[in-house]
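In our numbering, the protein residues as written are 3 to 116.
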């Protein structure tokens, strides 16, 4: 609420676009996962960020009841911030061992055109 008050509508749209870019990158990293754990971890991390974002925005708009959920990377919360950075760090370390191509392309490469 303080950020939106200081920066206005354009600043609020900018921060929402940045959150969507982060969530998009998380989901893109999840689709390149080599194993099911990496894919499910990425999807879970995206749901984690998206749920906290939606709940916090809903609280500020008066649509949802006020709870103690922080806005990712903006609101003060030591353990929550550590959990966010730990999740992103784990996802980035899994990305190091990800596939270079999508699963559909790999299937066609090994089995030939179907």
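All C-beta atoms in this analysis are idealised placements derived from N, C-alpha and C, irrespective of residue type, glycine included.
For residue i, collect the residues of the same chain with a Cβ closer than 7 Å to its Cβ; drop the 5 residues on either side in sequence, then sort them by chain order.
i          : result
residue 35 : 41, 44, 96 and 100
residue 17 : 5
residue 14 : 6
On a Cα-Cα basis, can you pick out the residue from the options that is closest to residue i?
i          : options           : result
residue 50 : 87, 11 and 15     : 87
residue 20 : 70, 52, 57 and 32 : 52
residue 71 : 65, 80, 58 and 63 : 58
residue 93 : 3, 10 and 37      : 37
residue 3  : 47, 98, 90 and 60 : 60
residue 48 : 64, 23 and 63     : 23
residue 56 : 25, 79 and 29     : 25
Let me know the secondary structure DSSP gives residue i once reduced to three states.
i          : result
residue 59 : helix
residue 19 : helix
residue 85 : helix
residue 71 : coil
residue 13 : helix
Given residue i, which residues of its chain have a CB within under 6 Å of its CB, disregarding the five upstream and five downstream residues?
i          : result
residue 32 : 41, 44 and 45
residue 74 : 51, 54 and 86
residue 89 : 47
Complete alpha helix (DSSP H) runs within the stretch 25-52 (minimum length 4 residues, chain order): Entirely contained in the stretch 25-52, not one alpha helix (DSSP H) run reaches 4 residues.
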